[in-house]
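Per our numbering, the very first residue in the sequence shown carries number 3; after that it's consecutive.
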Amino acid sequence: MPTVVRPFRGVSAEERLAQRREDLIEAAFDVAGAVGLRKLTMTAVCERADLTQRYFYEHFRNRDELVNALYDTVFDEFFGRARLAAEAQPEDDLLARARAAMAVFVEFCASDPRKARVFAEASGSAAITAHRADSTRRFTEYATQQAIAARRPPTAREFTRVQLAASIVIGGMSEACGHWLSGAIDLPRDEFIDELAQLFVVAVDAALNTH
């Protein structure tokens with residue numbers, strides 16, 4: 003059956019299509035925030051969005067594709083904000099840039115627990131493995147570039163060590179933030195952000211100190 007392209011109440015078919023996708027994504031965040039990624043189902047998402055399964059399949063082939071879309075939405079939103087915040091600081095001030103990025107991450111998680119849960123549970127979701135690996139690689143590459151720009155050109159060995167340091171800190175960020183949000187890490191927000199930023203800088207400086 004050909005796709006309907008007629009406007010409806012002044013709204014084009016393309017706009018309605020985009021709105022349904024947005025409704026499904028928001029509904030999926032609601033469901034994931036309430037029950038977790040493992041228990042997220044297409045049926046629950048459609049019920050929450052008040053849409054039939056027909057509209058689900060307009061955008062997603064299956065549940066895994068939806069879960070990947072959720073993760074990509076979270077990462078792209080956070081990463082875009084973090085880069086803008088970091089690059090607003092002096093290039094040679096690694097601590098300021100790290101703190102700006104960490105502040106965005108913490109605020110992002112604290113302001114929307116649904117998205118924080120998706121981010122935190124991604125490591126245990128087989129459906130997201132490839133997408134999470136790619137986003138972690140992108141973030142690690144960016145952090146490595148920022149560290150090198152703020153310090154000095156590294157040797158090949160030092161470059162690998164900085165990559166490793168960035169990977170370790172970035173890999174633990176979401177879990178640490180989850181513990182902080184739950185109260186398991188008892189620090190005021192600003193102190194928590196400072197600690198994350200300082201850990202990154204210390205790790206980078208240790209990686210470059212290869213005597």
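Even for Gly, the Cβ is constructed at its ideal location relative to N, Cα and C.
- L68 and L26 have their C-alpha atoms some 9 Å from each other.
- Here the C-alpha atom of A100 lies approximately 26 Å from the C-alpha atom of A132.
- R83 and E89 have their alpha carbons spaced roughly 10 Å apart.
- When the alpha-carbon of K117 is set against those of L39, V164, Q21 and A15, the nearest one is in L39.
- In this structure, V76 lies away from I195, with their beta-carbon atoms at least 8 Å apart.
- Boundaries cannot be given for T54, as no alpha helix (DSSP H) includes it and DSSP labels it neither H nor E.
- G38 carries a coil assignment under DSSP once its states are collapsed to helix, strand and coil.
- Here the alpha carbon of A151 sits roughly 7 Å from the alpha carbon of D94.
- In this structure, the beta-carbon distance from Y73 to A30 does not fall below 8 Å.
- Non-local C-beta neighbours of F110 in its own chain, meaning closer than 6 Å and more than five positions away in sequence, comprise F80, ordered along the chain.
- Runs of the alpha helix (DSSP H) lying entirely within the stretch 60 to 85 and spanning at least 4 residues: none are present.
- Look at L189 here: in three-state DSSP terms it is coil, with no helix or strand label.
- The beta carbon of V204 sits closer than 8 Å to no other beta carbon from its chain once the five residues preceding and following it are set aside.
- The stretch 133 to 142 makes no contact with the stretch 178 to 196; the number of CB pairs closer than 8 Å stays below 3.
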